[in-house]
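Colleague:
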Amino acid sequence: MAIKNAKKILNLKRRKMRQAEQKYLIEGIRLCEEALKSSDTLEQLIFCRESIARNTRLENLYQATLAQRIPIQQTDWRAFKHMSDTDTPQGVLGVVSMPTYDPKTVLNTNGPFLILDRISDPGNLGVIMRTAEAAGCKGIFLTRGSVEVYNPKVVRATMGAIFRMPVFPLQDGPALLHSLRQRNIQIIAAHTSGISFHKLQTQNPVALLLGNEAFGIDPALLALSHHTVTIPMAAPVESLNIAVASGILLFNLSHK
């Protein structure tokens with residue numbers, strides 16, 4: 000069975016088309032289950048018939064999708080494999096509209112917030128989004144030059160957090176930090192020259208600033224921070240993966 004608008008759906012694998020259509024793809028049972036539960040922007044799910052027949056969990060997802068009256072398409076394995084972005088397709092993918100969040104509304108909460116400066120690894124960003132949600136982060140800001148939030152590898156790594164976590168790509172990083180300072184939001188930058196995060200004395204709301212995996216934080220942004228902190232580590236370890244560091248610091252800040 001041919002997929003309606005198959006070309007347009009396949010085009011969503013390209014960043015340019017995702018931005019033009021304001022839609023993105025999700026794939027896999029877990030992610031599609033999460034979309035069905037927590038996303039009001041899920042437009043449709045596409046199932047592989049053969050996979051439904053041999054996977055009870057996928058069959059349950061299919062029935063739940065019908066019950067919620069979400070549009071469904073079915074196709075055979077060959078056509079589905081062509082559409083899939085993974086080596087071992089699970090038999091379901093979906094089309095989701097990009098949500099619209101208001102940064103002013105997000106910044107009016109008590110935080111914490113997260114600013115990522117030129118983060119480049121899709122897997123890191125996805126894990127950070129998932130960790131940030133668990134730590135109670137209210138929003139993430141990405142400076143210019145960061146990986147796209149709707150990159151398929153980012154989407155998979157979020158494990159569903161992408162449906163709930165507000166993320167704002169920035170054109171002007173310093174402008175955001177100036178705005179945070181005007182709102183009396185404390186900017187905490189992770190930097191090797193900083194004090195131990197255990198010693199940090201601050202009050203909410205706070206924004207944690209983390210830099211590029213290889214080059215760190217842009218000096219123009221670092222100069223606008225209120226505090227710099229570091230994570231004490233036993234020798235000979237000199238640094239932590241940015242996703243690990245973000246989790247340690249966010250959970251600490253959210254419990255201060």
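At position 162 of the sequence shown (counting the first as 1) the number is 161 in numbering that gives the first Met the number 0, and the numbers step up by one without a gap.
Even glycine gets a Cβ: it sits at the ideal position worked out from N, Cα and C.
Predicted, not measured: the structure shown is a model, and the values here were computed from it.
Does the region 129-138 come close enough to the region 181-197 that 3 or more CB-CB pairs lie under 8 Å?
Modeller: No, because fewer than three Cβ pairs between the region 181-197 and the region 129-138 fall closer than 8 Å, the two stretches do not touch.
Colleague: How many Å lie between ARG77 and PRO165 at the Cα?
Modeller: Their Cα atoms are separated by approximately 36 Å.
Colleague: Mapping DSSP to helix, strand and coil, what is ILE127?
Modeller: Residue state, collapsed to three classes: helix.
Colleague: At 3 residues or longer, what runs of the beta strand (DSSP E) sit wholly inside the region 29-111?
Modeller: With a minimum length of 3 residues, the continuous beta strand (DSSP E) runs that stay inside the region 29-111 are 41-47, 71-74, 91-96.
Colleague: Can you tell me which of the three DSSP states LYS15 falls into?
Modeller: DSSP places LYS15 in helix when its eight states are reduced to three.
Colleague: Expressed to the nearest angstrom, what Euclidean distance is found between the alpha-carbon atoms of ILE247 and LEU169?
Modeller: For ILE247 and LEU169, the distance between alpha carbons rounds to 25 Å.
Colleague: How long is the line joining the alpha carbons of SER38 and ALA189, rounded to whole angstroms?
Modeller: Their backbone Cα atoms lie some 32 Å apart in a straight line.
Colleague: Alpha carbon to alpha carbon, what distance is there between ILE118 and ALA213?
Modeller: For ALA213 and ILE118, the distance between alpha carbons rounds to 9 Å.
Colleague: Run through DSSP, which three-state label would PHE214 get?
Modeller: Of the three classes helix, strand and coil, the one that applies to PHE214 here is coil, per DSSP.
Colleague: Could you tell me which residues DSSP pairs with SER195 in its beta bridges?
Modeller: DSSP, once it has assigned bridges, lists THR229 as partnering SER195.
Colleague: Between the Cα of THR74 and those of THR87, SER96, CYS47, spot the shortest distance and give me the residue it belongs to.
Modeller: Ranking THR87, SER96, CYS47 by Cα distance to THR74 puts CYS47 first.
Colleague: Does DSSP classify HIS177 as helix, strand or coil?
Modeller: If DSSP states are grouped into helix, strand and coil, HIS177 belongs with the helices.
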